[in-house]
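Participant: In our numbering, the protein residues as written are 1 to 765. Have a look at this one before I ask anything.
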């Protein structure tokens, strides 16, 4: 008899035999040609449409993308995926965030594809999908459904095996052997799906960790469940005295219940954070032109700058754009925190993620959805959450080491109790394995940081670097830029001195007429005055403006431009002159922010010294620093001077915070230990800062500092509790004072306590 791989090969062999050509196989010198093996289908993530929409291509050949990961349970899962991916060629960084179940990747497009990377994650037993808020919510629903199914099976088995175990214990010595065997086999049947299917997440994580050469937190749990079940099966087959099916079902149920509650807390926190950071719609209504009566439904990610978009009442605006047609109220709470809708009409700018309430709007997209303000906010936020501060990395290392310690303790416990019999040995060993699992230790820091980060985002502080909450409580000195930071960056007229025949109102009207249409900051100081027609207007860079009003030539600008001396040097003076004389002097001053004085005073109360670093060479900088009672002031500072001042402070061991907003602040913002960019900061300053203030309020810095202090306290509380619990419970479990079911409750309760303590940080005050 001969075997063939398929009927087709068998038919060909029969034809060769019937034709008398059997010697073909004996006489051929090389193997015959085989048909090409079918090429496996490419991974969906390698689809060009996916590449265009969700993979960001960079000029140097690098790629980045964000994926949702299904099946994450604890920090060990995140560590396992990161370790696996970082071994692949071409992977630059791979960071998993347990908080929002995401994977952020940067890789070399010449060495890897999105599909090959996703396949590597799937081989570990985790699901991978494109990250999007709506997709994440669907993923969470699937996880919740699967968790409830596993929990339900375990709960049903726990009740049935518990009743059978009570009968076995009560009838110990008096029960007929036939009934005892029947009860044991029925218990085995009830426990089998629990030990195999319900407990599968523990096995999977433990096996994947061992494949990577690491002991994960699920390893002790997997050993406990599998060991107790196998010992019970052997006991049933060998007709031994005791079995542990009830214990297997009970602590599997309790462990799954704890994991399910943890998962629900993460999901609730994530759903709240989606509201805070803005949820962008998937679909959009695109118009061929402004007068189109029919809109095409297209993916919002496919919209580009210049596209015409229709937004219906009740829908989220898909992209940043300018209203061309329609008048409606828009809720901008996602960006400003203000719950009262604002009216917007033709010519007004609207932002992606805001909600249209009343009328149909037609707008022209000013950017793609990926470049919208809300999308950039989300990217900053996820960048901060995906990075791991030193405290998180330390906790991960301690957890991995502690697992090995637990295994060693379990082996020592089993050795010690072995002379007392298999029952006592099994019970104490299981208790040690389960009770001392360091889940709470690994959750202590990341849950607190995540809760604080999302809470601050809701209040208007967007953290873009992971170390901010860790470093901010240790700041010793705070340095501020002046214009646009301590001040509003908006010049106002504080004093007017008349020298000619015209009155103050006439001089202001002439000045406003000359500055009409200009975007220069000085022009804004005269906007409150109604201008009249001016001719022959010319801008003189760095000096002023000239022109004719009612046919008379005027000049408005610096003292040197009008060829006269300013009244004094204590203010910034702008002069108005005709061809014969100076007509008026206007003192301009940048308005101080309302909360600047309170912020500086509060920082000094906290023991943080303050200083002013400004490029303004006028006396106003010194005057402002004196007014705010700041500890130091440096005027006329170039970007290099500002950066050098920070480095000098750091060289002396001082941790420095910098607050700025301009292009000239970018270098110093990147140098400081912690830096904040103001709401109106330039893109470069935003890029280099560690946190963004989404509202024009310096008081948000104090809020961030208070939250950082609270976060540090919560992290310390969590770490102390988790470490104390794990260290103290091992001796009690090893001495046989903690039964396996109580050990499972203790481990789950410890993790829940850590998460609930961290959730207190969501209440920012």
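Cβ coordinates follow ideal geometry from the N, Cα and C atoms, glycine included.
Drop a sphere of 10 angstroms on the beta-carbon of residue 163, count the other beta-carbons inside from all chains shown, and report buried for 16 or more, exposed for fewer.
Facilitator: Locating residue 163 in the chain shown gives position 163, counting from the first residue. Looking at its Cβ environment, which holds fewer than 16 other Cβ atoms inside 10 Å, residue 163 is exposed.
Participant: Considering just the uninterrupted stretch of the alpha helix (DSSP H) at residue 187, what are its terminal residues?
Facilitator: Start at 1 with the first residue of the chain shown, and residue 187 comes out as number 187. First-last of the alpha helix (DSSP H) with residue 187: 177 to 193.
Participant: Count the other CB atoms within 10 Å of the CB of residue 296; is the residue buried (16 or more) or exposed (fewer)?
Facilitator: Here the question's residue 296 lines up with position 296 in the chain shown. So residue 296 counts as exposed.
Participant: With a threshold of 16 other CB atoms inside 10 Å of the CB of residue 641, please say whether the residue is buried or exposed.
Facilitator: Here residue 641 refers to the residue found at position 641 of the chain shown. So residue 641 counts as exposed.
Participant: Would you mind working out which of 68, 138, 141 and 124 sits nearest residue 105, comparing C-alpha positions?
Facilitator: Against the chain shown, residue 105 aligns to sequence position 105. Answer by Cα proximity: 68.
Participant: Check residue 492 in the structure and name its three-state DSSP category.
Facilitator: Here the question's residue 492 lines up with position 492 in the chain shown. The answer is strand: DSSP assigns residue 492 an E or B state.
Participant: Per DSSP, which residues does residue 316 bridge with? Please list them.
Facilitator: Working through the chain shown from its first residue, we reach residue 316 at position 316. Partner(s): 355.
Participant: For the putative contact between residue 654 and residue 481, defined by C-beta atoms under 8 angstroms, what is the C-beta separation to the nearest angstrom?
Facilitator: Position 654 of the chain shown, counted from the start, is the residue given in the question as residue 654. Position 481 of the chain shown, counted from the start, is the residue given in the question as residue 481. So it is not a contact: roughly 18 angstroms between Cβ atoms.
Participant: Just verifying my parser: in three-state terms, what is the DSSP assignment at residue 695?
Facilitator: Indexing the chain shown from 1 puts residue 695 at position 695. If DSSP states are grouped into helix, strand and coil, residue 695 belongs with coil.
Participant: Exposed or buried, what is residue 658 when buried is set at 16 or more other beta-carbons lying within 10 Å of its beta-carbon?
Facilitator: As a first step, residue 658 must be located in the chain shown, where it is residue number 658. Residue 658 comes out buried.
Participant: What's the call for residue 733, buried or exposed, on a 16-neighbour Cβ count within 10 Å?
Facilitator: Position 733 of the chain shown, counting from 1, holds the residue named residue 733. Burial call: buried.
Participant: Give a single yes or no on whether residue 351 has its beta carbon closer than 8 angstroms to a heavy atom of the ligand SAH.
Facilitator: Among the components modelled here there is no ligand, and therefore nothing to report on the ligand SAH.
Participant: Within 10 Å of its beta-carbon, does residue 638 have 16 or more other beta-carbons around it, so buried, or fewer, so exposed?
Facilitator: The residue labelled residue 638 in the question sits at position 638 within the chain shown. When all chains shown are included, residue 638 counts as exposed.
Participant: Answer yes if the region 749 to 763 comes into contact with the region 417 to 432, meaning at least three C-beta pairs across the two stretches below 8 angstroms, and no otherwise.
Facilitator: Touching, no.
Participant: Between the beta-carbon of residue 147 and the beta-carbon of residue 256, is there less than 9 angstroms?
Facilitator: Within the chain shown, the letter at position 147 stands for residue 147. Within the chain shown, the letter at position 256 stands for residue 256. It is a contact, given that the beta carbons lie within the stated cut-off.
Participant: So, for residue 649: in the same chain, excluding its five sequence neighbours on each side, which residues have a beta-carbon less than 7 angstroms away from its beta-carbon?
Facilitator: Here residue 649 corresponds to residue number 649 of the chain shown, with the count starting at 1. Correct list, in chain order: 477 and 656.
Participant: Which residues in the same chain have their Cβ closer than 6 angstroms to the Cβ of residue 582, if we skip the five residues on either side of it in sequence?
Facilitator: Along the chain shown, read from residue 1 onward, the residue named residue 582 stands at position 582. Here the set comprises 499, 564 and 575.
Participant: Roughly how many angstroms separate the alpha carbons of residue 287 and residue 679, rounded to a whole number?
Facilitator: Walking along the chain shown from the start, residue 287 turns up at place 287. Walking along the chain shown from the start, residue 679 turns up at place 679. Their Cα atoms are separated by approximately 33 angstroms.
Participant: Can you name, in chain order, every residue of its own chain whose Cβ lies under 7 angstroms from the Cβ of residue 167, other than the five neighbours on each side?
Facilitator: As a first step, residue 167 is located in the chain shown; it is residue number 167 there, counting from the start. 183.
Participant: Taking only runs that begin and end inside the region 213 to 242, name each unbroken alpha helix (DSSP H) of 4 or more residues, in chain order.
Facilitator: Whole alpha helix (DSSP H) segments, 4+ residues: 218 to 238.
Participant: Which one or two residues does DSSP pair with residue 480 in a beta bridge?
Facilitator: Walking along the chain shown from the start, residue 480 turns up at place 480. DSSP, once it has assigned bridges, lists 612 and 659 as partnering residue 480.
Participant: From the DSSP output, read off the bridge partner residues of residue 97.
Facilitator: Indexing the chain shown from 1 puts residue 97 at position 97. DSSP, once it has assigned bridges, lists 102 as partnering residue 97.
Participant: DSSP on residue 548, reduced to helix/strand/coil?
Facilitator: Within the chain shown, numbered from 1, the residue matching residue 548 stands at position 548. Correct three-state label for residue 548: strand.
Participant: Taking Cβ positions, are residue 509 and residue 483 nearer each other than 9 angstroms?
Facilitator: For this step, residue 509 is matched to residue 509 along the chain shown. For this step, residue 483 is matched to residue 483 along the chain shown. Cβ distance not < 9 angstroms, so residue 509 and residue 483 don't count as in contact.
Participant: Buried or exposed, going by whether 16 or more other CB atoms sit within 10 Å of the CB of residue 607?
Facilitator: For the purposes of this step, residue 607 is taken as the residue at position 607 of the chain shown. Residue 607 should be labelled exposed.
Participant: Skipping 5 residues on each side, what residues in its chain have a beta carbon closer than 6 angstroms to that of residue 479?
Facilitator: For the purposes of this step, residue 479 is taken as the residue at position 479 of the chain shown. Taken in chain order, the residues that qualify are 611, 613 and 658.
Participant: Please list the terminal residues of the continuous beta strand (DSSP E) segment that includes residue 596.
Facilitator: Position 596 of the chain shown holds residue 596. Run containing residue 596: none in the beta strand (DSSP E); it sits in the alpha helix (DSSP H), 596 to 605.
Participant: Can you tell which of 626, 224, 131 and 760 has the C-alpha that lies nearest to the C-alpha of residue 411?
Facilitator: Position 411 of the chain shown holds residue 411. Closest option to residue 411, Cα to Cα, is 224.
Participant: Whole angstroms are fine: how far does the CA of residue 456 sit from the CA of residue 685?
Facilitator: Here residue 685 refers to the residue found at position 685 of the chain shown. Here residue 456 refers to the residue found at position 456 of the chain shown. Roughly 20 angstroms between the two C-alpha positions.
Participant: Within 9 angstroms of any Cβ in chain B, is that where the Cβ of residue 245 sits?
Facilitator: As a matter of chain content, chain B is missing from the structure shown, which is built from one protein chain.
Participant: So, for residue 122: in the same chain, excluding its five sequence neighbours on each side, which residues have a beta-carbon less than 8 angstroms away from its beta-carbon?
Facilitator: Locating residue 122 in the chain shown gives position 122, counting from the first residue. Same-chain partners within the cutoff: 128.
Participant: Could you spell out where the beta strand (DSSP E) holding residue 70 opens and where it closes?
Facilitator: For the purposes of this step, residue 70 is identified with residue 70 of the chain shown, where counting begins at 1. 62 to 70 is the span of the beta strand (DSSP E), which, as asked, contains residue 70.
Participant: May I have the straight-line CA-CA distance separating residue 745 from residue 453, to the nearest angstrom?
Facilitator: Residue numbering aside, residue 745 sits at position 745 when the chain shown is read from its first letter. Residue numbering aside, residue 453 sits at position 453 when the chain shown is read from its first letter. C-alpha separation (whole angstroms): 30 angstroms.
Participant: Residue 573 lies in the alpha helix (DSSP H); which residues open and close that run?
Facilitator: As a position in the chain shown, residue 573 is number 573, starting the count at 1. Segment 572 to 577 is the beta strand (DSSP E) holding residue 573; no alpha helix (DSSP H) there.
Participant: Identify every run of the beta strand (DSSP E) within the region 625 to 679, keeping only runs that are complete inside it and at least 3 residues long; order them along the chain.
Facilitator: You should have 632 to 634, 656 to 660 and 674 to 677.
Participant: From residue 495 to residue 587, what distance separates their C-alpha atoms?
Facilitator: Position 495 of the chain shown, counting from 1, holds the residue named residue 495. Position 587 of the chain shown, counting from 1, holds the residue named residue 587. The alpha-carbon atoms of residue 495 and residue 587 are separated by roughly 5 angstroms.
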